[in-house]
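Here is the structure we will look at.
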Amino acid sequence: MILDSGILTVFGRVDVSGGGNMPAYRPVKKHQGWYGKLAFETAPAYPTERREDVETSLRVRIHRNDAVTNYDFVILREADAPEDGDRRLEVTRAYHGTDDESGEEITDLTLREVEA
Numbered sequence: 001m002i003l004d005s006g007i008l009t010v011f012g013r014v015d016v017s018g019g020g021n022m023p024a025y026r027p028v029k030k031h032q033g034w035y036g037k038l039a040f041e042t043a044p045a046y047p048t049e050r051r052e053d054v055e056t057s058l059r060v061r062i063h064r065n066d067a068v069t070n071y072d073f074v075i076l077r078e079a080d081a082p083e084d085g086d087r088r089l090e091v092t093r094a095y096h097g098t099d100d101e102s103g104e105e106i107t108d109l110t111l112r113e114v115e116a
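The sequence shown lines up with residues 1 to 116 when you count with the numbering used here.
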């Protein structure tokens, strides 16, 4: 698959709160690179099929990065830090594997839009 849809940046969260305080997080850049959009289906094949109820806003493929995990968040542009007004997408699933056609190491991300 050609990764030509644009550049994205993946951020993790680091807890910077002191002991006993409310959690406070600082974003830390984990990955930045080209991505490709993947097709996805929003409805189950059968209405009675048992599936995890996960809202999906976008699915993308990036070069393999095992550091990217669930609950990281993505911004669809090149960035050193998130800014107000950025569209944020939370990683609900990260699949690390190999592309069936090319044999390249890939990471597929299932993303859900969230409020900043």
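In this text, a Cβ means the ideal position worked out from N, Cα and C, and glycines have one as well.
Assigned exposure category for residue i - 16 Cβ within 10 Å defines buried
i, result
"Thr98", "exposed"
"Pro23", "exposed"
"Val91", "buried"
"Ala81", "exposed"
"Asn74", "The sequence shown places Val at residue 74, rather than the Asn named in the question. Buried, since its Cβ has 16 or more Cβ neighbours within 10 Å."
"Ala116", "exposed"
"Ala39", "exposed"
Beta-carbon separation (whole angstroms), residue i vs residue j, contact threshold 8 Å
i, j, result
"Arg64", "Glu101", "With a Cβ gap of about 15 Å, Arg64 and Glu101 do not count as contacting."
"Lys30", "Gly19", "About 26 Å; that fails the 8 Å criterion."
Beta-carbon gap between residue i and residue j smaller than 8 Å
i, j, result
"Leu89", "Glu113", "yes"
"Val10", "Asp66", "no"
"Val68", "Gly36", "no"
"Ser57", "Leu3", "no"
"Glu83", "Ile7", "no"
"Ile62", "Gly103", "no"
Residue ranges of each beta strand (DSSP E) within the segment 7 to 78, 3 or longer: Within the segment 7 to 78, complete beta strand (DSSP E) segments of at least 3 residues are found at 25 to 38, 58 to 63, 73 to 75, given in chain order.
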